[in-house]
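Asker: In my numbering, the protein residues as written are 3 to 54. The structure under discussion is supplied below as structure tokens; questions concerning it will follow.
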Amino acid sequence: MESTGVYWKPIWNILEGSLHLVLANARHVKNVPGRKTDVKDAEWLAKLHTKN
């Protein structure tokens, strides 16, 4: 989930008991330079998560 505010917190609280959640700093998981799309971001985050 990507957010610039606190809007993610209620969703986190709901999902916390039923899923393994990972909170990451957007600066640390920023994709390589290029054209930004939600699909590319999702693929990049999934790739990073598999390395965890």
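C-beta: ideal position from N, C-alpha, C; glycine also. Here the structure is a predicted model, which is why all the values come from computation and not from measurement.
By how many angstroms is the C-alpha of leucine 21 removed from the C-alpha of tyrosine 9?
Answerer: So the alpha carbons of these two residues sit roughly 18 Å apart.
Asker: Nearest-angstrom Cα distance between tryptophan 14 and glutamate 45?
Answerer: Spanning the two alpha carbons is a distance of roughly 21 Å.
Asker: Measure how close the beta-carbons of valine 31 and leucine 47 come, nearest whole angstrom, since I'm counting them as under 8 Å.
Answerer: Sure, about 6 Å apart at Cβ, within 8 Å.
Asker: What residue does the alpha helix (DSSP H) around lysine 49 start on, and which one ends it?
Answerer: Where lysine 49 is concerned, the enclosing alpha helix (DSSP H) stretches over 40–52.
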